[in-house]
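In our numbering, the protein residues as written are 1055 to 1319.
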């Protein structure tokens, strides 16, 4: 009888420990001094909402704002958009954005500023390269601030209907820094006939998504639920006369790997 009671007590203790373990939540500590985010314990995903929120918490650290302008002309011209940190080399970080964010009438803006919204800080950047056909460019920043490159996904894993998370800074860079929208993949390899900045007709492929983007989101990231970058948000189709809306397009991550492979680690 005593042995049975002892076994029963041990059984109750084991069950209690298992339940306690399952109910553990993620603790997020924002270490402002070292500009890092420390994740303690393991993430417990109970709902789709948890999955999305935890993904956003992870990926938004890799998305930055970009302000580009010329100050050596009579009329100051300015552009703003977003960018995604894709890799680093020592204290140099490489940020992918859209070509049209850093280019004006075929010339690169002579001032490139990267905005880190969590620190409310601008740091200098420089354009390393851009592609004449695909609307992508690469910017470098050199800083001792610890930044977080994202993980790159695989274009082959995309399927219609999968969730997509867009992160970028629309309208007013500092006010709406890193706005998050959630949608689905609407189409893959959408071929569009368009003109590049030399006004030459070209064909480009895009990911179509319902994750809303607006002016300023150009160059921001499109992520999957695993927190991997699957595209760079580039443009949307809006036509009030025919009630067209909700058609947003991103350059696929395969183009990033193809064009900027020498900067990836």
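Note that the Cβ used here is the ideal one computed from N, Cα and C, for glycine as well.
Start-to-end residues for the beta strand (DSSP E) that takes in residue 1220: Taking the first residue of the chain shown as position 1, residue 1220 is located at position 166. Judged by DSSP secondary structure, residue 1220 falls within the beta strand (DSSP E) whose first and last residues are 1217-1222.
Would the stretch 1145-1153 count as touching the stretch 1175-1192 if we require 3 or more Cβ pairs under 8 Å? yes
For residue 1143, is the classification buried or exposed, using 16 other Cβ atoms within 10 angstroms of its Cβ as the cut-off for buried? For this step, residue 1143 is matched to residue 89 along the chain shown. Burial call: exposed.
Separation of residue 1159 from residue 1102, as counted between CA atoms: Taking the first residue of the chain shown as 1, we reach residue 1102 at position 48. Taking the first residue of the chain shown as 1, we reach residue 1159 at position 105. Cα-Cα distance, rounded: 44 Å.
Rounded to the nearest angstrom, what separates residue 1280 and residue 1219 at their Cα positions? Here the question's residue 1280 lines up with position 226 in the chain shown. Here the question's residue 1219 lines up with position 165 in the chain shown. About 10 Å.
Inter-residue spacing [alpha-carbon to alpha-carbon] between residue 1105 and residue 1129: Taking the chain shown and counting its residues from 1, the one referred to as residue 1105 is at position 51. Taking the chain shown and counting its residues from 1, the one referred to as residue 1129 is at position 75. Roughly 47 Å separates the two Cα atoms.
So what does residue 1246 bridge to, in DSSP terms? Working through the chain shown from its first residue, we reach residue 1246 at position 192. 1258.
Exposed or buried, which one is residue 1173 when buried takes at least 16 other CB atoms within 10 Å? Walking along the chain shown from the start, residue 1173 turns up at place 119. Flag for residue 1173 reads exposed.
With H, G and I counted as helix, E and B as strand and the rest as coil, what does DSSP make of residue 1280? Residue 1280 sits at position 226 when you count from the first residue of the chain shown. Three-state DSSP puts residue 1280 in coil, outside helix and strand.
Could you tell me whether any non-hydrogen atom of the ligand COA is closer than 8 Å to the CB of residue 1217? Summarising the ligand content, the structure contains no ligands, and the ligand COA is consequently not present.
Here's a check: name, in chain order, each residue in its chain whose Cβ is nearer than 6 Å to the Cβ of residue 1289, leaving out the five neighbours to either side. On the chain shown, position 235 is the one that residue 1289 refers to. Within the same chain, residue 1289 has close Cβ partners 1303.
Can you say whether residue 1313 is buried or exposed, counting buried as having 16 or more other CB atoms within 10 angstroms of its CB? Taking the chain shown and counting its residues from 1, the one referred to as residue 1313 is at position 259. Label assigned to residue 1313: buried.
Look at the Cβ atom of residue 1184, then the Cβ atom of residue 1157, and state whether they are nearer than 9 Å. Translated into the one-based positions of the chain shown, residue 1184 becomes position 130. Translated into the one-based positions of the chain shown, residue 1157 becomes position 103. In this structure, residue 1184 sits near residue 1157, with a CB-CB distance shorter than 9 Å.
Where does residue 1263 fall in DSSP's three states? Taking the first residue of the chain shown as 1, we reach residue 1263 at position 209. Strand, per DSSP.
Where residue 1133 and residue 1215 are concerned, what is the direct C-alpha to C-alpha distance, given to the nearest angstrom? What you label residue 1133 is simply residue 79 of the chain shown in a count that begins at 1. What you label residue 1215 is simply residue 161 of the chain shown in a count that begins at 1. The alpha-carbon atoms of residue 1133 and residue 1215 are separated by roughly 33 Å.
Buried or exposed: residue 1319, going by 16 or more other Cβ atoms within 10 Å of its Cβ? Reading the chain shown from its first residue, position 265 is the one you call residue 1319. The residue in question, residue 1319, is exposed, as its Cβ has fewer than 16 Cβ neighbours within 10 Å.
For residue 1311, I'd like the list of residues in its chain whose CB is within less than 8 Å of its CB, leaving aside the five on either flank, ordered along the chain. On the chain shown, residue 1311 is found 257 positions in, with the first residue counted as 1. Cβ within range, chain order: 1206 and 1318.
Closer than 7 Å by C-beta to residue 1265: which residues in its own chain qualify, once you throw out the five before and the five after it? Chain order, please. Against the chain shown, residue 1265 aligns to sequence position 211. Excluding residues within five positions, the ones whose Cβ falls inside 7 Å are 1218, 1219, 1220, 1235, 1236, 1237, 1276 and 1302.
Residue closest to residue 1257, alpha-carbon to alpha-carbon, out of 1282, 1243 and 1165: If you number the chain shown from 1, residue 1257 lands on position 203. The option with the nearest alpha carbon to residue 1257 is 1243.
Under the three-state reduction of DSSP, which class applies to residue 1104: helix, strand or coil? Within the chain shown, numbered from 1, the residue matching residue 1104 stands at position 50. Reduced to three states, the DSSP call for residue 1104 is helix.
Which two residues bound the contiguous beta strand (DSSP E) that contains residue 1311? The residue labelled residue 1311 in the question sits at position 257 within the chain shown. No beta strand (DSSP E) contains residue 1311, which is instead part of the alpha helix (DSSP H) from 1307-1313.
Please check the pair residue 1165 and residue 1230, which I expect to be a contact at CB under 8 Å, by giving their CB distance rounded to whole angstroms. Start at 1 with the first residue of the chain shown, and residue 1165 comes out as number 111. Start at 1 with the first residue of the chain shown, and residue 1230 comes out as number 176. No, residue 1165 and residue 1230 are not in contact; Cβ-Cβ is about 22 Å, not under 8 Å.
Once you ignore the five residues that flank residue 1112 on each side, which residues in its own chain have a CB closer than 8 Å to its CB? As a position in the chain shown, residue 1112 is number 58, starting the count at 1. 1281, listed in sequence order.
How would you call residue 1226, buried or exposed, if buried means at least 16 neighbouring beta carbons within 10 angstroms? Along the chain shown, read from residue 1 onward, the residue named residue 1226 stands at position 172. So residue 1226 counts as exposed.
Could you tell me the alpha carbon to alpha carbon distance between residue 1080 and residue 1100, rounded to whole angstroms? For this step, residue 1080 is matched to residue 26 along the chain shown. For this step, residue 1100 is matched to residue 46 along the chain shown. Unreliable placement is indicated for residue 1080, whose pLDDT of 36 sits below 50; the coordinate value is still reported in the next sentence. When the Cα atoms are used, residue 1080 and residue 1100 turn out to be separated by approximately 12 Å.
Taking only three categories from DSSP, how would you classify residue 1112? To locate residue 1112, count along the chain shown from 1; it is residue 58. Correct three-state label for residue 1112: helix.
Bounding residues of the alpha helix (DSSP H) (the contiguous stretch that carries residue 1156): Translated into the one-based positions of the chain shown, residue 1156 becomes position 102. For residue 1156, the enclosing alpha helix (DSSP H) begins and ends at 1153-1156.
If you compare alpha carbons, which of 1316, 1268, 1224 and 1285 is closest to residue 1300? Sequence index remark: in the chain shown, residue 1300 carries index 246 (1-based). Of the candidates 1316, 1268, 1224 and 1285, the one whose C-alpha sits nearest the C-alpha of residue 1300 is 1268.
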